[in-house]
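Worksheet for the structure shown next.
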Amino acid sequence: MKFDLHVHSDHSKDSKSSHDDIFEVVLKRGLDGLAICDHDTVEGGLVCEKRALELGLDITVIPGVEVTSSKGHILILGIRKNIEPLLSPEETIERARKLGGTVIIPHPFKQSSHGIGNFEGLDIDAVEVFNSRCILNNANLKAKTEAKRLGIPGVGGSDSHVPEMVGQAYTEINASENTLEAVLRAIRKGEVAPAGKNTPLPIILKQMSGSVKQKLKRRLCTLIQI
Numbered sequence: 018m019k020f021d022l023h024v025h026s027d028h029s030k031d032s033k034s035s036h037d038d039i040f041e042v043v044l045k046r047g048l049d050g051l052a053i054c055d056h057d058t059v060e061g062g063l064v065c066e067k068r069a070l071e072l073g074l075d076i077t078v079i080p081g082v083e084v085t086s087s088k089g090h091i092l093i094l095g096i097r098k099n100i101e102p103l104l105s106p107e108e109t110i111e112r113a114r115k116l117g118g119t120v121i122i123p124h125p126f127k128q129s130s131h132g133i134g135n136f137e138g139l140d141i142d143a144v145e146v147f148n149s150r151c152i153l154n155n156a157n158l159k160a161k162t163e164a165k166r167l168g169i170p171g172v173g174g175s176d177s178h179v180p181e182m183v184g185q186a187y188t189e190i191n192a193s194e195n196t197l198e199a200v201l202r203a204i205r206k207g208e209v210a211p212a213g214k215n216t217p218l219p220i221i222l223k224q225m226s227g228s229v230k231q232k233l234k235r236r237l238c239t240l241i242q243i
């Protein structure tokens with residue numbers, strides 16, 4: 018089965034992707050499911066999961082979150098409560114485990130995306146070794162090499178912030194059935210493989226442009242309030 022394990026919806030401040038627009042691309046690209054991992058909030062994943070059921074879609078939505086730890090971002094899949102940001106990676110992961118979360122380190126060596134860097138010794142289930150937003154593959158290759166050295170499974174994700182990016186990179190998951198529990202269990206067992214391709218540069222530039230405009234808008238609103 019094919020899952021994009023790193024998708025942002027409009028519940029992230031730097032994304033305007035509606036859930037319906039995301040679903041359209043998921044179905045077009047033949048994905049079996051996806052993980053919604055908005056920044057520091059599980060709300061987007063929970064809403065998306067509910068929306069998929071309302072539409073009767075034959076896909077599995079994994080509710081998740083991309084937590085901002087004190088050293089960088091950490092993906093937590095399968096949880097339904099928020100984790101406080103800016104804790105240490107160890108504290109973040111400990112809280113994730115108590116909530117039953119599956120832990121993935123995304124884009125560890127991509128500094129511009131708040132990669133965590135060295136992940137040796139952390140209690141994690143997988144490492145994102147193929148992030149489709151890496152224009153140059155150096156960060157992906159370094160993540161792949163380090164994950165292999167440490168014997169940690171590698172996964173792929175688009176890190177989509179606009180619908181067109183969804184499914185550019187994904188993870189092949191050897192799960193017994195397409196259910197939330199079975200998919201997460203397969204990830205934890207390492208029954209995974211990264212796949213896909215890099216997002217075309219024009220789409221990345223579109224996403225970056227949108228993020229800059231949103232940041233400027235938020236700053237302007239703050240100045241007006243002051």
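Its first residue numbered 18, the sequence shown is counted upward by one per residue in the numbering used here.
Think of the CB as a built atom: it goes at the ideal place given N, C-alpha and C, for glycine as much as any other residue.
Small disclaimer: the values here were computed from a predicted structure and weren't measured.
With contacts defined as CB atoms closer than 8 Å, Gly-50 and Val-78 qualify as a contacting pair. If you ignore the 5 residues before and after Leu-218, its C-beta comes within less than 8 Å of the C-beta of Ile-152, all in its own chain and listed in chain order. Beta-bridge pairing by DSSP links Thr-77 to Gly-50.
Counted as a single uninterrupted DSSP element, the beta strand (DSSP E) harbouring Leu-94 occupies residues 90-94.
Taken atom to atom, the span from the alpha-carbon of Ser-34 to that of Lys-88 is near 27 Å. Of all C-beta pairs linking the region 172-186 to the region 66-76, fewer than three are shorter than 8 Å, placing the two stretches out of contact. A straight line joining the alpha-carbon of Ser-149 with that of Lys-223 spans about 14 Å.
Collapsing the DSSP output to three states places Ser-86 in coil. Straight-line spacing of the CA atoms in Ile-220 and Val-144 works out to 24 Å.
DSSP places Asp-37 inside the alpha helix (DSSP H), whose first and last residues are 36-45. Beta-carbon to beta-carbon, His-25 and Ala-52 are separated by about 10 Å, too far to satisfy the 8 Å threshold.
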